[in-house]
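Position in the sequence shown (first residue = 1) + 273 = the working numbering.
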Amino acid sequence: MKGYMGKVLRVDLSTGGIWDEPLDESLARAFVGGSGLAARILYDMVDGETDPLGPDNPLILMTGPLVGTPMPSAGRLAVCALSPLTSIWGESNTGGFIGPELRFASYDGVIITGRAERPVWLSIVEGRAALHEAGDLWGLDAYETQERIRERLGEPKARVACIGPAGEHLVKMAAVMNDHGRAAGRTGMGAVMGAKNLKAIAARGSAQVPLADPEGFKAVVREITADLDEDMVALSIRLAGTAGYVDMALMYGDLPIRYYQRGEWEG
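Rendered as structure tokens:
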């Protein structure tokens, strides 16, 4: 199926098992990818008794069909599981290059279950995956962890998603960090990684995302890119990052004030 790499990596940390699983085409068509596909997969794998910090809670990293293509703003990676904060659906997403690199490594996503006896990290390079000891990485912050893993892989351009001490200590708001300062920062996905004794996931590859109409796709990308170059919202976010959206969010009532009980400040 065009737009997909066609397989998902499965990892059982309790047994050390690693295997490829074909992407379910019917689910991909129904739920598209990213958080939608992750939500359906999670729904089928958990029940009301599943402990968010237990080995049976799957940690799911999933991409959408545009990730790894030249389409603007399509480089996100969804990181999903039952949330330690709420015990229900937990979804976070991150930018940077970890999502595209996962697809270049030949996978649409990764589903991780179980709990390793000792700290480990996962490498995914050119369609081959392996688990590695991470005892000496445990306790390092996210920045140093990423650098150490790139050195060990001998891949300076590898992309690494990892946790720091907060995730290791199961802080329920812990983030999964990548590309230095990028974060899957919502719903405590870092704590889920820590509960699995999983320090990091590194990806590197050179595969290309298959497109049904490459030339037509390029034409659409050029058109959208030209529109974005003239869009004031895109310009403000490009210059100021997320902070560039604050004034607009206030105008729309979209600020998470008092846990979204209000959308704007009083007065």
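All C-beta atoms, glycine included, are put in the ideal place defined by N, C-alpha and C.
None of the values given here were measured: they were computed from a predicted structure.
- For G463 and A448, the gap between their C-alpha atoms comes out near 4 Å.
- Here S479 is exposed: its Cβ has fewer than 16 other Cβ atoms, across all protein chains shown, within 10 Å.
- Cα atoms of T288 and R455: separation of roughly 31 Å, rounded to the nearest angstrom.
- For the segment 288 to 318, the continuous beta strand (DSSP E) assignments of 3+ residues that do not extend past its boundaries occur at 290 to 295, in sequence order.
- Contact annotation, G276 with P338: C-beta distance approximately 4 Å; criterion of less than 8 Å satisfied.
- In terms of Cβ geometry, G437 and M450 form a close pair [threshold 8 Å].
- Counting along the chain, S346 sits inside no alpha helix (DSSP H), nor does DSSP assign it H or E at all.
- In the three-state DSSP reduction, A447 falls in the coil class, being neither helix nor strand.
- Rounded to the nearest angstrom, the gap between the Cα atoms of M505 and G382 is 34 Å.
- In the three-state reduction of the DSSP assignment, S479 falls in the coil class, being assigned neither a helical nor a strand state.
- Under DSSP, no beta-bridge partner is assigned to I510.
- CA-CA distance, A475 to E374, rounds to 9 Å.
- In this structure, the alpha-carbon of P429 lies about 26 Å from that of K280.
- For G382, the three-state secondary structure derived from DSSP is strand.
- For L286, same chain residues with a beta-carbon under 6 Å away, outside a window of 5 residues either side, are G387, R388, A389, K469 in chain order.
- In this structure, the beta-carbon distance from D293 to L310 does not fall below 8 Å.
- Residue range 280 to 285 is occupied by the beta strand (DSSP E) that includes K280, with no alpha helix (DSSP H) assigned at that position.
- Where L426 is concerned, the enclosing alpha helix (DSSP H) starts and stops at 415 to 426.
- Close CB contacts of H405 within its chain, under the 8 Å cut and outside five residues either way in sequence, are with V393, W394, L395, S396, R425 (chain order).
- For L296, the closest C-alpha among the options V398, Y525, P487, S379 is that of S379.
- Counted as a single uninterrupted DSSP element, the alpha helix (DSSP H) harbouring G372 occupies residues 371 to 377.
- Secondary structure at K491: helix, using DSSP grouped into helix, strand and coil.
- Contact annotation: V398 and G372 have beta-carbon atoms that are not nearer than 8 Å.
- The beta carbon of D414 sits closer than 8 Å to those of G437, P438, all from its chain and outside the five residues before and after it, given in chain order.
- Cβ contact annotation for G489 (same chain, cutoff 6 Å, sequence separation greater than five): none.
- The beta carbon of A434 sits closer than 6 Å to the beta carbons of I371, V449, N451, I474 from its chain, once the five residues preceding and following it are set aside; these are given in chain order.
- When DSSP states are grouped into helix, strand and coil, G341 belongs to the coil group.
- M274 sits away from G306, with the two beta carbons spaced by 8 Å or more.
- Restricting attention to I333, D527, F377, L358, the CA atom closest to the CA of I385 is found in I333.
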